[in-house]
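So the sequence lines, in the order shown, correspond to chains A and B.
Yeah, the first sequence ends on 252 if you go by our numbering, and it's all consecutive.
Yeah, the second sequence ends on 252 if you go by our numbering, and it's all consecutive.
Number of protein chains: 2
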Amino acid sequence: MSAVAAPLPQTPVSMRDAILDAAEARFAGAGFDGVSVREIAADAGLKNQASLYHHFPGGKQAIYAAVLARGIDAITELVAASERAGSLRGDPAAASPYLDGVFDVLIARPHLARLMHRAALDDSPYARDAMPRMLQPLYALGVRILQDAGGPWQPSELPHLAAALYHLIFGYFADASLLQALLPEDPRSAPAVARQRLFIRKAVALLIGAAAPVAAPGTMLGAGKESHRA
Amino acid sequence: MSAVAAPLPQTPVSMRDAILDAAEARFAGAGFDGVSVREIAADAGLKNQASLYHHFPGGKQAIYAAVLARGIDAITELVAASERAGSLRGDPAAASPYLDGVFDVLIARPHLARLMHRAALDDSPYARDAMPRMLQPLYALGVRILQDAGGPWQPSELPHLAAALYHLIFGYFADASLLQALLPEDPRSAPAVARQRLFIRKAVALLIGAAAPVAAPGTMLGAGKESHRA
DNA sequence: TTGACAAACAAACGTTTGTTTGAGTACGAT
DNA sequence: ATCGTACTCAAACAAACGTTTGTTTGTCAA
Chain A
23 MSAVAAPLPQ TPVSMRDAIL DAAEARFAGA GFDGVSVREI AADAGLKNQA SLYHHFPGGK
83 QAIYAAVLAR GIDAITELVA ASERAGSLRG DPAAASPYLD GVFDVLIARP HLARLMHRAA
143 LDDSPYARDA MPRMLQPLYA LGVRILQDAG GPWQPSELPH LAAALYHLIF GYFADASLLQ
203 ALLPEDPRSA PAVARQRLFI RKAVALLIGA AAPVAAPGTM LGAGKESHRA
Chain B
23 MSAVAAPLPQ TPVSMRDAIL DAAEARFAGA GFDGVSVREI AADAGLKNQA SLYHHFPGGK
83 QAIYAAVLAR GIDAITELVA ASERAGSLRG DPAAASPYLD GVFDVLIARP HLARLMHRAA
143 LDDSPYARDA MPRMLQPLYA LGVRILQDAG GPWQPSELPH LAAALYHLIF GYFADASLLQ
203 ALLPEDPRSA PAVARQRLFI RKAVALLIGA AAPVAAPGTM LGAGKESHRA
């Protein structure tokens, strides 16, 4: 689909990437304090944790910072690319490029949503000042896009709307392993993800004020997999 | 407002409650692995961490379990009380009692949202099987309420809607300390909370189909329930 | 006073943590 | 061959971790 959302290479090209991949999975699953550098080293294929300090002299915190920056940049550049393509310019019904792009990247990199959700909850001295700095461009971008969309919201409500959309889209993937135990179906399975994609489209259309999404012929809402009948 | 949402007593009546209060604040702020039993003991007024094991022989994990159960039960009983009062019975526009009740309890206990958000992300062997067990009643309750409300959603979409509403309502308070650095205003201040309360009311009204403020009269989305395949 | 019990204390347990040191290996350039 | 660089490794470090042990204090009943 979208060539922008490039998944991680199955085989990391460098040891630095292998370390970042291993750290991303571990940090997303257990958080900064729940991961030991020995685990990261072992997952990356190193037999000794001391080798990590050659690639990241800053130690564990530097690895964490690099993982976070890489993940947030991926999302930010994706949204920025959709905006440069001219999506959602005064037309609230055309939010699909943004949603599909984010969806694709969250599916391709299954640890990203949980990693960012965790980092948002963190209040360590480092995350407290690094997270806002890394998220500022993405946040400003989102508010500007919602501003141009022209929904039924006042300017003072746009920050609330931006935060709500973030929680709406990322929350499903971040809490997938918990939802798996609550729902009758694995939320990461193909049909569940497809259903969530349609759900988000409808929910976002309702929220940002797409007056009649199904009125326009060929739009995404009416023609889903739900029309499948035996 | 709602007398149901009773805040924690300012002065804990027992040492056990003092430990739980201290642990709730610490666990919400730094997570299970980011908190030491020495910190909890000190915050609870104990000069020695060994005293914790007298009140909680199960150690750190038992304290964590008790904190989680207390928090989840508070939310569950609140929603159950609203349901017994007969709110939202076939009338999607009457969701305010639920929203205001949850809002009041999340304001009165500022660590609850972050604590639950963190626990949802956890995948330790304990949380992996305890969280679903503790959340099952609340989840079933939420889905049943949404079912009775009769919104524009199909039954297969109700789990997605329930999860979305949870993320929508709890996410704002859970990420408050991050939003504080991104927004021009403290999200926990009185005007910001009031604005968020109105925002959530409007958003929920849009999502569960309360009179469809901008939608054309004809139930564009809700038409596809049974009569769709006529 | 005596016995009993809950509660808080000090000290130490063994383990794991992040990090550092120094020696060793592979390899292209000189 | 020899140097220099990039990289990995084993071993060890101090600090912090959760937990246990043994003792002391306070309190109520007999």
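Glycine residues also receive a C-beta, built at the ideal position from the N, C-alpha and C atoms.
- Not a single C-beta of chain A is nearer than 7 Å to the C-beta of F195 (chain B).
- For L183 (chain A), the three-state secondary structure derived from DSSP is helix.
- Residue environment: P79 (chain B) is assigned as exposed (fewer than 16 neighbouring CB atoms within 10 Å of its CB, all protein chains considered).
- A distance below 7 Å separates the beta carbons of Y161 (chain B) and L204 (chain A).
- For A47 (chain B), the number of other beta carbons within 10 angstroms of its own is at least 16, and it is reported as buried.
- Only those residues of the stretch 66–100 of chain B whose C-beta falls short of 8 Å from the nearest C-beta of chain A would be listed, and there are none.
- The beta-carbon of H133 (chain B) is placed no less than 7 Å from the nearest beta-carbon of chain A.
- Counting only residues of its own chain and dropping the five nearest sequence neighbours on each side, A141 (chain A) has a CB closer than 7 Å to the CB of L90, A149 and M153.
- The beta carbon of A45 (chain A) sits closer than 6 Å to those of I62, I85 and V89, all from its chain and outside the five residues before and after it, given in chain order.
- Chain-ordered, the chain A residues with CB closer than 8 Å to the CB of P154 (chain B) read L200, A203 and L204.
- Per DSSP, H133 (chain B) is not a residue of any alpha helix (DSSP H), being assigned neither H nor E.
- DSSP, read as helix, strand or coil, puts Q176 (chain A) in coil.
- Of all residues in the stretch 37–58 of chain B, only A50, G51, A52, G53, F54, D55, G56 and V57 place a beta-carbon less than 9 Å from a beta-carbon of chain A.
- In the same chain as F195 (chain B), and ignoring 5 residues on each side of it, the C-beta atoms closer than 6 Å to its own belong to L128 and A135, in chain order.
- Taken through DSSP and simplified to helix, strand or coil, I230 (chain B) comes out as coil.
- One finds G51, A52 and S199 in chain B with Cβ atoms closer than 8 Å to the Cβ of D145 (chain A), taken in chain order.
- Between L190 (chain B) and L190 (chain A) the beta-carbon gap is near 6 Å, inside 8 Å, which marks them as a contact.
- Within 8 Å of the CB of Q158 (chain B), the CB atoms of chain A belong to L204, in sequence order along the chain.
- Chain order gives the chain A residues near Y161 (chain B) as L204, where near means a beta carbon separation below 8 Å.
- In the displayed model, L68 (chain A) falls within coil according to three-state DSSP, outside both helix and strand.
- A171 (chain B) and A64 (chain A) have their C-alpha atoms spaced approximately 51 Å apart.
- Around the C-beta of D95 (chain A), fewer than 16 other C-beta atoms lie within 10 Å, and the residue is accordingly described as exposed.
- Annotation for V89 (chain A): the continuous alpha helix (DSSP H) segment containing it runs K82 to R106.
- Assigned with DSSP and collapsed to three states, A63 (chain B) falls in helix.
- Listed by position along chain B, the residues whose Cβ is nearer than 7 Å to that of R140 (chain A) are L143.
- In this structure, the straight-line span from the alpha carbon of S73 (chain A) to that of V57 (chain B) is close to 28 Å.
- Taking a Cβ-Cβ cut-off of 7 Å, the neighbours of Q218 (chain B) in chain A comprise H182, given in sequence order.
- The C-beta of L128 (chain B) comes no closer than 7 Å to any C-beta of chain A.
- For L42 (chain B), the three-state secondary structure derived from DSSP is helix.
- For F221 (chain A), the nearest beta carbon of chain B is closer than 7 Å to its own beta carbon.
- With contacts defined by Cβ atoms closer than 7 Å, E105 (chain B) and I167 (chain B) form a contacting pair.
- Between P119 (chain B) and D39 (chain A), the alpha-carbon positions lie close to 50 Å from each other.
- At a Cβ-Cβ threshold of 7 Å, D55 (chain A) and D55 (chain B) count as neighbours.
- In the DSSP annotation of this structure, the continuous segment of the alpha helix (DSSP H) that includes V165 (chain A) starts and ends at P147 to A171.
- Listed along the chain, the chain B residues whose CB falls inside 9 Å of the CB of E105 (chain A) amount to none; the nearest CB is some 19 Å away.
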